[in-house]
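*Asks:* Here it is: the structure, laid out below.
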Amino acid sequence: MTEESLEGWAPEVGDAISLEELVERAFDYRGNVTVIKTDGTELEGYLFNRDRAAARPFVQMFDRAGDGPHDIPYSDIRTIHFTGKDTAAGNSYAAWLRTKGASKPASGGA
Amino acid sequence: MSVPLSQMWAVTSYVLTQKLRGRRRFPLVLMLEPLFRCNLACAGCGKIQYPAQILRKHLSVEQCLAAVEECGAPMVSIPGGEPLMYPEIGRLVQELVARKKYVYLCTNAILLAEKLAEGLFEPSKYLSFSVHMDGLREEHDEAVCRDGVYDQAVEGIREALARGFRVTTNTTLFDGADAFRMREFFDAMMELGVEGMMISPGYSYSKAPDQEHFLRRRRAHELFSTMLSNPKRRWKFNQSPLFLQFLMGKQDFECTPWGNPTYNVFGWQRPCYLLQEGYAATFQELIETTKWETYGRGSGNDKCRDCMVHCGYEPTAVNHTFGSWRGFRDTVVATVTGKF
């Protein structure tokens, strides 16, 4: 299975994607993101949780230093950029098998 | 089945107490992940793909103990990440044993001999090292994407057994697994002297690099039927025989996602050990606010369709044992005869 990485994606909330959809993408992303708030401030870190059903929907993040969790209401978010490395991309099993095969061609593998 | 009588009794009395209290959803095993950091990067694992600041984080012993108390499950499984890399693993295990929790420390055993030599642990009926072994040398080293790990694990197992510890193995099987090689593997583990083995098909983590080798349900039934038909008397499994029958297609169970709740640096994971659909701040919140009806095969949730993993179905099997005469009879027969 191949999955296109969102690494480097810097969308703006609008017709193409809603804030709720963008939060879901960020929640599913295994790298740091940068949340750009409506007041212009930014927080970069790992977005590990969100609650759309809460009375005041919010996301939760650990910042780049690992501090947190920081709770940010949806209403304070202007957009989210996928600024950190996608740690789930690459490093595949197939690549490992190729490496193993290249180094030990006679020993079999999968 | 190789579970010690005292542990069987503890689990039995716990389950019956929950049923007498009319508790509909209760935990059986707490999956306590004190850290995500690991010294391996297995292709089938979706647990370690995080930014550096998350991999550096770990729970405090106090956070772990608070989660154990809040959850109340009689058994605590400590996976991860690699728990032997957790700086306070010795104290955590000591505290859990003092609370009479049955602890399964799930380890790849790379560091096991070293940590035992440091005197970090004391043998106890409450502590079992559950060593990750995905087959014989060739299969295991391939699964963990590093040569030599099987031999290190065997060395760790021997050292732990020599020091009087309980040792079990846990094995995850993927598509392409050879049932006959696995039967040889069971022989090898029994010869090593482990107390029992745990087996389960893998789950297709959406973030795991290897997406092509996870077992679909029909293939899983075929594989486990071949593997477990005519089991040798000396094979001991540290899990419910009804779960093994389920893997063989002889039992039709639904998932019990709350049976093995997961706590880690993010909180209480919804809905289960394998899916990450969000986090709750407390165990009570997890139980009361998770939309359980949207999970499990019967829900039609695509993510649950082919899942047969022990953390969802072993609690169902245990519940079945104590929930009906047929379940109790099937369990007794399988335990006494050694046939699944």
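Line by line, the protein sequences are chains A and B. Residue 1 is where the first sequence starts when you use our numbering, and the numbers rise one by one after that. Residue 111 is where the second sequence starts when you use our numbering, and the numbers rise one by one after that. The beta-carbon is built from N, C-alpha and C at its ideal position, and this holds for glycine as well. Since the structure is predicted, the reported quantities are computational estimates derived from the model, not experimental observations.
For a test of the three-state rule: what should DSSP assign to Asn-149 (chain B), helix, strand or coil?
*Replies:* Three-state result, Asn-149 (chain B): coil.
*Asks:* I'd like the ranges of any alpha helix (DSSP H) spanning at least 4 consecutive residues and lying wholly in the region 144 to 226 of chain B.
*Replies:* Complete alpha helix (DSSP H) runs here, min 4: 162 to 165, 171 to 181, 199 to 208.
*Asks:* Checking contacts by CB at 8 Å: is Gly-8 (chain A) closer than that to chain B?
*Replies:* Closer than 8 Å: no.
*Asks:* Helix, strand or coil: which one does DSSP assign to Gln-128 (chain B)?
*Replies:* Note: Gln-128 (chain B) maps to helix in three-state DSSP.
*Asks:* Answer yes or no: does any C-beta atom of chain B fall closer than 8 Å to that of Tyr-46 (chain A)?
*Replies:* Judged by the 8 Å Cβ criterion, Tyr-46 (chain A) is in contact with chain B.
*Asks:* Taking 8 Å as the cut-off, decide whether the C-beta atoms of Val-254 (chain B) and Asp-244 (chain B) are in contact.
*Replies:* Contact: yes.
*Asks:* In the DSSP output, which residue or residues are listed as bridge partners for His-81 (chain A)?
*Replies:* BP columns for His-81 (chain A) point to A:Thr-34.
*Asks:* Whose C-beta lies closer than 7 Å to the C-beta of Gly-8 (chain A) among residues of the same chain, with five residues either side of it excluded?
*Replies:* Phe-82.
*Asks:* Ignore the nearest five residues each way along the sequence and tell me which others in Lys-85 (chain A)'s own chain have a CB closer than 6 Å to its CB.
*Replies:* Hits under 6 Å: Gly-31.
*Asks:* Asp-67 (chain A): buried (16+ other C-beta within 10 angstroms of its C-beta) or exposed?
*Replies:* Exposed, because fewer than 16 other Cβ atoms sit within 10 Å of the Cβ of Asp-67 (chain A).
*Asks:* Check each candidate in B:Val-139, B:Glu-364, B:Gly-422 and name the one with the smallest Cα separation from Pro-381 (chain B).
*Replies:* Selected option, being the one with the closest Cα: B:Gly-422.
*Asks:* So with CB distances below 8 Å, who are the chain B contacts of Asp-51 (chain A)?
*Replies:* Going along chain B in sequence order, the residues near Asp-51 (chain A) (Cβ under 8 Å) are Gly-388.
*Asks:* Can you tell me the Cα-Cα spacing of Leu-230 (chain B) and Asp-257 (chain B), whole angstroms?
*Replies:* Distance between the alpha carbons of Leu-230 (chain B) and Asp-257 (chain B): 27 Å.
*Asks:* Rounded to the nearest angstrom, how far is the Cβ of Leu-140 (chain B) from that of Tyr-373 (chain B), given a contact under 8 Å?
*Replies:* Rounded, the Cβ-Cβ distance is 7 Å, consistent with contact.
*Asks:* Which residues of chain B have a Cβ atom closer than 8 Å to the Cβ of Thr-34 (chain A), listed in chain order?
*Replies:* Result: empty, since nearest Cβ-Cβ is about 12 Å, beyond 8 Å.
*Asks:* Might you give, ordered along the chain, the residues of its own chain that have their beta carbon closer than 7 Å to the beta carbon of Leu-19 (chain A), omitting 5 neighbours on each side?
*Replies:* These residues qualify, in order along the chain: Val-13, Tyr-74, Ile-77.
*Asks:* Should the region 119 to 129 of chain B be regarded as contacting the region 215 to 223 of chain B, the criterion being three or more beta carbon pairs within less than 8 Å?
*Replies:* Contact between the region 119 to 129 of chain B and the region 215 to 223 of chain B is absent, because fewer than three Cβ pairs lie under 8 Å.
*Asks:* Using a beta-carbon distance cut-off of less than 9 Å, what residues from the region 55 to 86 of chain A approach chain B?
*Replies:* Correct list: Gln-60, Phe-62, Asp-63, Arg-64, Ala-65, Gly-66, Asp-67, Pro-69, Gly-84, Lys-85, Asp-86.
*Asks:* Give a yes or no on contact between the region 272 to 287 of chain B and the region 174 to 182 of chain B, applying the rule of three or more CB pairs nearer than 8 Å.
*Replies:* The region 272 to 287 of chain B vs the region 174 to 182 of chain B: no contact.
*Asks:* What distance in whole Å lies between the Cβ atoms of Arg-273 (chain B) and Leu-226 (chain B), which are believed to be in contact at a cut-off of 8 Å?
*Replies:* That belief holds up - the Cβ atoms of Leu-226 (chain B) and Arg-273 (chain B) are roughly 6 Å apart, short of 8 Å.
*Asks:* Identify the contact partners of Lys-167 (chain B) in chain A, using a Cβ-Cβ distance below 8 Å as the criterion.
*Replies:* Per Cβ cutoff of 8 Å: Phe-62, Gly-66.
*Asks:* Comparing C-alpha positions only, which one of B:Arg-344, B:Gly-388, B:Pro-425 sits nearest to Thr-447 (chain B)?
*Replies:* It is B:Arg-344 whose Cα lies nearest to the Cα of Thr-447 (chain B).
*Asks:* Taking DSSP's pairing of strands, which residues face Met-308 (chain B) in a bridge?
*Replies:* For Met-308 (chain B), which the question treats as bridged, DSSP gives the partners B:Asn-280.
*Asks:* Return the first residue and the last residue of the alpha helix (DSSP H) that Ala-26 (chain A) is part of.
*Replies:* Segment 19 to 28, the alpha helix (DSSP H) holding Ala-26 (chain A).
*Asks:* Below 8 Å on the Cβ atoms is my guess for Pro-425 (chain B) versus Gly-369 (chain B); work out the distance and round it to an integer in Å.
*Replies:* Correct: roughly 2 Å between the Cβ atoms.
*Asks:* What's the call for Thr-87 (chain A), buried or exposed, on a 16-neighbour Cβ count within 10 Å?
*Replies:* Buried, because 16 or more other Cβ atoms sit within 10 Å of the Cβ of Thr-87 (chain A).
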